[in-house]
Amino acid sequence: MSSAYTQSMNRLIEEFEKLPGIGPKSAERLAFHVLKCRPDEAMALADAIRDVKNKTKRCEICYNFSEQATCEICSDSRRDKSLICVVEQPKDVISLEKTGTCKWIYHVLGGHIAPLEGIEPGDLTIHQLVGRVHDGNVKELIMATNPNMAGDGTALYISSLLRTTGVKITRLARGLPTGTTIEYASGKMLNDAIIGRQVLD
Ligand SMILES: [Zn+2]
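All residue numbers for the sequence shown refer to this note's numbering, where the first residue is -16 and numbers rise by one.
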């Protein structure tokens, strides 16, 4: 297909179009912005993308994103290490941290169990979570998986694995509307859900 754009410009537009929420018009606008801005500004963007991919790894304790072997939350001595909040994705940690009330540490599962999508317990970090509980010193697991069928099922599955350990397992309160995910719930909603958490049995 012939195009009025140069080859490199076409390539940049194509790359922007792959980003979530970016349609063809926005992709064009962004590409023109890059073309027009100063070389050091454009390179700063390229460097930031390269850096985030090269430097980011998983915390070896909680599996959240980290640039060190252990993330900042796990390394924070003010956190109560006996409380582990279990979430599906790193984005959920960010939402919960924004409430400002969380003094616990986390465990990031990497998703939820969904056999129809081919996601089995072994694809998540459930085994590692069980290991953390068996290592001792854990008093409560707060299940903050999403309030939908997959999230509920995942929370129940994990609680069934840990039933004999005597660790208290709670679930965020049902104040979250059906279909809401932790990622998009408001701070107020999450706060109420945290305070009103109930024992899962
Ligand atoms: Zn961590």
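Glycine residues also receive a C-beta, built at the ideal position from the N, C-alpha and C atoms.
Reduced DSSP category for R41 - H, G, I as helix; E, B as strand; rest coil: The residue given as residue 41 occupies position 58 in the sequence shown. Correct three-state label for R41: strand.
Candidates E71, G119 and S(-14), of which the one nearest A97 by Cα: To locate residue 97, count along the sequence shown from 1; it is residue 114. Among E71, G119 and S(-14), the Cα nearest to that of A97 is on E71.
Run of the alpha helix (DSSP H) containing T153, from where it starts to where it stops: Position 170 of the sequence shown, counting from 1, holds the residue named residue 153. Residue range K151 to R154 is occupied by the beta strand (DSSP E) that includes T153, with no alpha helix (DSSP H) assigned at that position.
Burial state of L99, where buried means 16 or more other Cβ atoms lie within 10 Å: For the purposes of this step, residue 99 is taken as residue 116 along the sequence shown, with counting starting at 1. Exposed: under 16 other Cβ atoms inside 10 Å.
Integer-rounded CB distance, given that T82 should sit under 8 Å from I141: By one-based count along the sequence shown, residue 141 stands at place 158. By one-based count along the sequence shown, residue 82 stands at place 99. The Cβ separation is near 23 Å, so there is no contact.
When L112, Y167, L173 and Q181 are compared against E43, the one with the closest alpha-carbon: Counting from one through the sequence shown, the residue named residue 43 turns up at place 60. Ranking L112, Y167, L173 and Q181 by Cα distance to E43 puts L112 first.
Three-state secondary structure assigned by DSSP to Q181: Translated into the one-based positions of the sequence shown, residue 181 becomes position 198. The answer is strand: DSSP assigns Q181 an E or B state.
Option nearest T153 by Cα separation, candidates L173, G170, G105 and V69: Within the sequence shown, the letter at position 170 stands for residue 153. It is V69.
For V182 and A138, the rounded distance between their alpha carbons: The sequence position of residue 138 within the sequence shown is 155, counting from 1. The sequence position of residue 182 within the sequence shown is 199, counting from 1. So the alpha carbons of these two residues sit roughly 12 Å apart.
Check whether L173 and L79 have beta carbons under 9 Å apart: The residue you call residue 173 lines up with position 190 of the sequence shown. The residue you call residue 79 lines up with position 96 of the sequence shown. Between L173 and L79, the gap from beta carbon to beta carbon is short of 9 Å.
Residues near V17 in its chain [Cβ-Cβ closer than 8 Å; skip 5 each side]: Here residue 17 is taken as the residue at index 34 of the sequence shown, counted from 1. Within the same chain, and ignoring the five residues on either side of V17 in sequence, the residues whose Cβ sits closer than 8 Å to its Cβ are L(-5), A25 and L28.
Proximity of G94 and D106 at Cβ, strictly below 9 Å: Position 111 of the sequence shown, counted from the start, is the residue given in the question as residue 94. Position 123 of the sequence shown, counted from the start, is the residue given in the question as residue 106. In this structure, G94 sits near D106, with a CB-CB distance shorter than 9 Å.
Neighbourhood of P104 by C-beta distance below 6 Å, restricted to the same chain and skipping five residues each side: Locating residue 104 in the sequence shown gives position 121, where the first residue counts as 1. Here the set comprises I96.
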